[in-house]
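Heads up: take any position in the sequence shown, counting from 1, add 4, and you land on the numbering used here. Remarks on the structure that follows.
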Amino acid sequence: MITALEISNLVKCYGKRRALDGLTLRIPRYSVTGLVGSNGAGKTTLMMTVAGFLTPNSGQINLLGNGPFDADVHGGRFSILPQDSELPLTSRPLELLTHYGRLQGLSLQDAQKSASAMLEAINLGDRANSPIRSLSHGMRKRIMAGQCFLGNPEIILLDEPLNGLDPREATRMRSFIAKRRNEQTIVISSHNLNDIEQLCDHVAFIEKGKTLRFAPVENMTRKASILVYQLTGMPADMLLLEQTLGEKGKLDFNPETNRLTCHYAEQSIPATELNQRMIPVILSQCGLISITQGSTLEEEYLKHTV
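Here is the structure:
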């Protein structure tokens, strides 16, 4: 695996409290990786330390194969959206993004062109010359997220990029980020696990300054080994279902939720009559409502952090 960011045994203390407690993580190059954890888990501290805003007590950071952040080495190749960032209220979006583009190493002409294109991409082309103070919180957040992509940096850290956006703009921003998959390495910290599941191809569970688990989202949610059948009641003949499944897996019924989970022993769900026709036909007699592949990221997170 070619990595864009390697973090080894990272420790950051605030007095006696360890915000990062030996955290280790390897972010694949060109991935969209989500950081998931409770408040105070260390996600923001991790991002700020990688960006060079905070100095770690110990541990190693290797950013793009060139050691810890160094403006002379990583200038134009790295960007970050801090969680509580603000914009100068008297500036205007076009001039501000042009300035940020220049800081990323673009010429004046390229910075102006990139700033205009970015405002269109984040659906704010008509507000290019409006004072920042006249824009809503969501509009400002889109500008702050958009500036991270000016100059096409190789790695981008986004701390809660969708926080405060209305549903329509959140959908547009997800699409905006998703289009950059396989072109840039993007790391997203968010409490919204649905956003992480939709946007990311890898995810890390972080708690108490440590990485509890890191894997591709598909593996984390076990899309290739689980089918969940939502029923209206308990199956009338569990023995028949178990005999039909045989050695291909095992069944687990939750009477509180009326969910029957089929755990397949094989690496991928076999596209056979077993799950396409035979089991659903048997279950239709007890009210089969829906079939879901895998578990949700939220379910997996709660399972590993409780």
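Cβ atoms here follow ideal geometry from the backbone N, Cα and C, with glycine treated the same way.
Beta-carbon proximity of residue i to residue j, cut-off 9 Å
i, j, result
"M122", "L154", "yes"
"R218", "L29", "Here residue 218 is Phe; the residue named in the question, Arg, does not match the sequence. Yes, they are a contact pair."
"R144", "L91", "yes"
"I192", "T37", "yes"
"G46", "K16", "yes"
"L110", "S118", "yes"
"F257", "G41", "no"
"I159", "I65", "no"
Collapsed DSSP secondary structure at residue i in the structure displayed
i, result
"T48", "helix"
"N223", "helix"
"N262", "coil"
"Q300", "Looking at the sequence itself, residue 300 is Thr, so the reference to Gln does not match. Note: T300 maps to coil in three-state DSSP."
"S95", "coil"
"L245", "helix"
"N13", "strand"
"G150", "helix"
"P86", "coil"
"D25", "strand"
"Y34", "coil"
"G250", "helix"
"F155", "Note on identity: in this sequence residue 155 is Gly, with Phe being the wrong assignment. In the structure shown, G155 sits in coil (DSSP, three-state: anything other than H, G, I, E or B)."
"H103", "helix"
Straight-line Cα distance separating residue j from residue i
i, j, result
"Q87", "S95", "20 Å"
"Q188", "L197", "22 Å"
"Q202", "R131", "29 Å"
"L105", "L306", "Just to set this straight, residue 105 is Gly in the shown sequence, not Leu. Their Cα atoms are separated by approximately 41 Å."
"K254", "S299", "16 Å"
"D170", "Q116", "28 Å"
"T324", "P259", "The requested residue 324 is not part of the displayed model; the chain covers only 5 to 310."
"G56", "N156", "20 Å"
"P312", "L93", "Since the first and last residues shown for the chain are 5 and 310, residue 312 lies out of range."
"E99", "E10", "35 Å"
"S89", "I190", "18 Å"
"G63", "N13", "5 Å"
"Y18", "L39", "21 Å"
"S35", "M238", "42 Å"
"T59", "N223", "34 Å"
"D241", "E304", "29 Å"
Residue i classed as buried or exposed, judged by whether at least 16 other C-beta atoms fall within 10 angstroms
i, result
"R137", "exposed"
"T175", "exposed"
"H206", "buried"
"L67", "buried"
"Y268", "buried"
"L301", "buried"
"S140", "exposed"
"T53", "buried"
C-beta neighbour in chain C for residue i, strict 9 Å
i, result
"G253", "Judged by its chain identifiers, the structure shown contains no chain C, having just a single protein chain."
Practice problem: May I ask you to verify whether the segment 204-215 touches the segment 157-164, counting CB pairs closer than 8 Å and requiring at least 3? | Solution: No: the two stretches stay apart, fewer than three of their Cβ pairs being nearer than 8 Å.
Quiz item: Taking three-plus beta-carbon pairs below 8 Å as touching, is the segment 140-155 in contact with the segment 111-130?
Solution: yes
Quiz item: Is there contact here, the segment 252-270 with the segment 229-241, by at least three beta-carbon pairs under 8 Å?
Solution: yes
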